[in-house]
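Beneath this line is the structure, given in structure tokens, with notes to follow.
So this is what it looks like as structure tokens:
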């Protein structure tokens, strides 16, 4: 059985509705608008043909146009929400960038302090070398006086043998020997003190070497962290540039969408006006037909 004109029109109306439900919001904005414009054109043609059939098909077409308008408005709102989200993300990234820059400045300040500590410890190392030279000189002096004392012992023996003849000389020699003994004791005490100082200097030098190694390790770690932070800073800057470009594209797409939405809204108003005119004409035509029918019936 062949389909009537009303059935064919209803079947054609369902196809655009199915195609509208399959629209993916993730697609580019311009192709989406083109597909929506085509759908609006098809709906408009279907509305005109449906008005000529019955008032019920006219109401269905009007509902389709309303749904299409709601879909366009929801897409515009979704894009506005995406723009707001992009602005929020930009603020978060800028805050992270400021924190990374502050951390990098702190690392550079710590590195400068470590370098100053290394420079301040270098004179102490030179002092250790000077103390070693002093100890060497003191040992040479001690050996010198020890040799002198050894040379004096034979003289004391000869003086003892000749004490009867050289009593005055023996007294002076003994006095000189006692003086040398006092100097020897003083030198030995000084040598012991110098040995203690050498021990302390060796311990201090070991601690200094350990501190220097630790400072060098910290300096190396600081350099690595600075390089890592610099790399993160470059990545954040690249991400910010991409976000700015994406925002510019979104602004352009939103402006285009608003323009197309305004045009579609104007076309919808024109179609609604034409629909009202068609309804008025249909009502007048129906009244004329009814009056003619009544006249012909009365004549009969």
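Residue numbers (our numbering): 60 to 359.
Using N, Cα and C, we set each Cβ at its ideal position, and we do this for glycine too.
The shortest C-alpha to C-alpha distance from residue 196 to any of 350, 250, 152 is the one to 250. In this structure, the beta-carbon distance from residue 302 to residue 147 does not fall below 7 Å. Taking 7 Å as the cut-off, the Cβ atoms of residue 313 and residue 138 count as close. Taking C-alpha positions only, residue 256 is separated from residue 170 by approximately 33 Å. The alpha carbon of residue 247 has as its nearest neighbour, out of 202, 342, 267, 263, the alpha carbon of 202.
Between residue 131 and residue 287, the C-beta spacing is not below 7 Å.
The region 252-279 contains no complete beta strand (DSSP E) run of 3 or more residues. Excluding the 5 residues flanking it on each side, residue 277 has same chain C-beta neighbours closer than 7 Å at 173, in chain order. Three or more Cβ pairs closer than 8 Å define a contact, and the region 153-164 meets that threshold against the region 282-300. If you draw a straight line from the Cα of residue 200 to the Cα of residue 254, it comes to about 15 Å. Put simply, the backbone Cα of residue 270 is about 10 Å away from that of residue 264.
From the listed residues 327, 304, 310, the smallest Cα separation to residue 129 is found for 327. Distance between residue 350 and residue 329, taken at the CA atoms: about 31 Å. Within its own chain, the residues whose Cβ lies closer than 7 Å to the Cβ of residue 194, once the five positions on either side in sequence are excluded, are 253, 257, listed in chain order. Within the model, the alpha-carbon separation for residue 260 versus residue 274 is close to 20 Å. Residue 306 sits away from residue 154, with the two beta carbons spaced by 7 Å or more. The shortest CA-to-CA distance from residue 151 to any of 345, 304, 296, 355 is the one to 296. Here residue 334 is buried. Its C-beta has 16 or more other C-beta atoms within 10 Å. Around residue 141, the same chain offers 309 as residues with beta carbons nearer than 8 Å, after the five sequence neighbours per side are excluded. Our two residues, residue 332 and residue 346, have alpha carbons roughly 21 Å apart in a direct line.
Rounded to whole angstroms, the separation of the alpha carbons of residue 284 and residue 198 is 51 Å. Beyond the five residues adjoining it in sequence on each side, residue 190 comes within less than 7 Å, by CB distance, of 256, 257, 260 in the same chain, given in chain order. With respect to the C-alpha of residue 240, the residue from 262, 356, 205, 186 having the closest C-alpha is 205.
Straight-line spacing of the CA atoms in residue 213 and residue 176 works out to 58 Å.
Between residue 236 and residue 211 the beta-carbon gap is near 6 Å, inside 8 Å, which marks them as a contact. Across the structure, residue 355 and residue 325 are spaced so that their CA atoms are roughly 45 Å apart.
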